[in-house]
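Notes for the one structure printed next.
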Amino acid sequence: MPEGHILEVREVTKRFGGVTAVNHCSLAVQPGKIYGLIGPNGSGKTTLFNCITGLDRRDEGEIRFKDERIDGLKPHQVACRGIGRTFQIIRVFPELTALENLLVVSRKGGLAGNCQRAMELLEFVKLDRLQNEYAGNLSYGQQKLLEFIRVLMTDPELILLDEPAAGVNPTLLNDLLGAIRKLRVQGKTVLIVEHDMKVVMGLCEMVFVLDYGEKIAEGPPEVIQANERVMEAYFGR
Ligand SMILES: Nc1ncnc2c1ncn2[C@@H]1O[C@H](COP(=O)(O)OP(=O)(O)OP(=O)(O)O)[C@@H](O)[C@H]1O
Ligand SMILES: [Mg+2]
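Each residue of the sequence shown is one higher than the last, beginning at 1 in the numbering used here.
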């Protein structure tokens with residue numbers, strides 16, 4: 001693994017029957033930066049996240065986190081090593097309160113410590129006044145924020161966010177983007193799947209582009225935006 005990388009995906013391929021969802025994909029992520037992962041619908045972004053987090057088993061290739069192979073590990077083992085992720089489809093528990101949704105996360109620290117951490121995180125995204133509200137009563141955007149901070153309960157070093165901004169109203173989006181930037185200040189590494197190029201441009205230092213499971217480009221967002229192959233992948237068909 002090249003020095004200074006926290007995550008390295010090397011030649012990873014994942015097939016579902018006849019569909020190659022991820023195709024010999026390689027990417028290297030340095031710690032303390034915000035990376036974007038973009039690509040048209042069905043280009044393999046979520047599947048790549050699933051391979052990294054152990055939900056899908058890659059067919060070929062290697063995945064390393066902090067110099068350790070993780071591609072054979074189960075999801076909870078990957079999580080224990082310090083990788084957190086959110087899901088494209090919200091997975092909050094609607095019949096638990098916002099606070100309870102955070103307390104279901106198993107972490108060291110005892111109930112008092114966990115409550116304190118949960119309250120800090122609710123404040124972090126300005127949801128503290130809704131701590132006792134059932135998650136099912138929160139707006140869609142608030143539920144997405146809640147899912148985002150649930151990932152932070154275990155203080156992961158690498159955070160994978162699968163379209164956290166989709167469907168979130170502008171005010172909550174600002175809170176979310178501010179919180180993600182603060183994570184970077186705390187030294188966290190973030191890999192974010194996002195379709196809105198404005199969000200990507202405002203947040204990410206580096207962007208990876210997938211098309212039909214292959215990485216077709218990589219670079220700073222302004223370079224990616226001017227890349228013809230990327231534009232063709234998005235608009236050319
Ligand atoms: N469990 C599965 N079984 C079969 N095919 C799958 C499965 N998961 C994903 N695929 C297929 O793999 C390809 C990549 O899907 P994936 O969900 O990873 O794309 P994506 O880039 O996240 O798309 P979107 O932007 O729509 O979320 C698609 O063709 C999809 O239909
Ligand atoms: Mg997806």
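Beta carbons are placed, not taken as given, at the ideal position from N, Cα and C, and that holds for glycine.
Report all residues from its chain with a CB closer than 8 Å to the CB of residue i; omit the five preceding and five following residues, and keep chain order.
i: Gly167; result: Tyr140, Gly141, Lys144
i: Phe208; result: Leu27, Tyr35, Gly36, Leu37, Ile38, Lys215, Ala217, Glu218
Am I right that residue i and residue j are in contact with their C-beta atoms under 8 Å? What's the rounded C-beta distance?
i: Phe49; j: Asp211; result: Wrong, their Cβ atoms sit about 17 Å apart, outside the cutoff.
i: Leu160; j: Arg85; result: 4 Å
i: Val78; j: Thr53; result: 5 Å
i: Pro221; j: Val200; result: 6 Å
i: Glu194; j: Ala165; result: 6 Å
i: Ile6; j: Thr154; result: The pair is not a contact, with the Cβ atoms about 16 Å apart (cut-off 8 Å).
Could you pull out every residue in the same chain whose Cβ sits closer than 6 Å to the Cβ of residue i, ignoring the five residues on either side in sequence?
i: Ile55; result: The sequence given here places Leu at residue 55; Ile does not occur at that position. The answer, listed in chain order, is Pro75.
i: Glu157; result: Gly82
i: Glu123; result: none
Does the Cβ of residue i lie closer than 7 Å to at least one heavy atom of ligand 3?
i: Gln88; result: Ligand 3 is not part of this structure, which contains only ligand 1 and ligand 2.
Check for me: the alpha helix (DSSP H) holding residue i runs from which residue to which?
i: Gly113; result: 110 to 124
i: Lys182; result: 170 to 185
i: Gly229; result: One detail in the question is off: residue 229 reads as Arg in this sequence, not Gly. Note, Arg229: alpha helix (DSSP H), 228 to 235.
i: Cys51; result: 45 to 52
i: Leu203; result: 197 to 203
Might you give, ordered along the chain, the residues of its own chain that have their beta carbon closer than 7 Å to the beta carbon of residue i, omitting 5 neighbours on each side?
i: Met1; result: Residue confidence is low: Met1 scores 45 on pLDDT, short of 50, so the model does not pin down where it sits. No coordinate-derived value is stated.
i: Leu172; result: Gly141, Gln142, Leu145
i: Val29; result: His5, Ile6, Leu7, Tyr35, Thr189, Leu191
Using a threshold of 7 Å, is the CB atom of residue i nearer than that to any non-hydrogen atom of ligand 1?
i: Ala21; result: yes
i: Phe235; result: no
i: Gly42; result: yes
i: Gly36; result: no
Any heavy atom of ligand 2 within a distance shorter than 7 Å of the CB on residue i?
i: Lys45; result: yes
i: Asp162; result: yes
How far does the beta strand (DSSP E) with residue i in it reach, from first residue to last?
i: Tyr140; result: Looking at the DSSP string, Tyr140 is not in any beta strand (DSSP E); the run it does join, the alpha helix (DSSP H), is 140 to 152.
i: Val33; result: Looking at the sequence shown, residue 33 is not Val but Lys. From DSSP, Lys33 is part of no beta strand (DSSP E); its letter is neither H nor E.
i: Gly253; result: Coverage of the chain is limited to positions 1 through 237, which leaves residue 253 absent and any answer about it impossible.
Task: Contained beta strand (DSSP E) runs [length at least 3] in the stretch 62 to 108, N- to C-terminal order - done: Qualifying beta strand (DSSP E) stretches, in chain order: 83 to 85.
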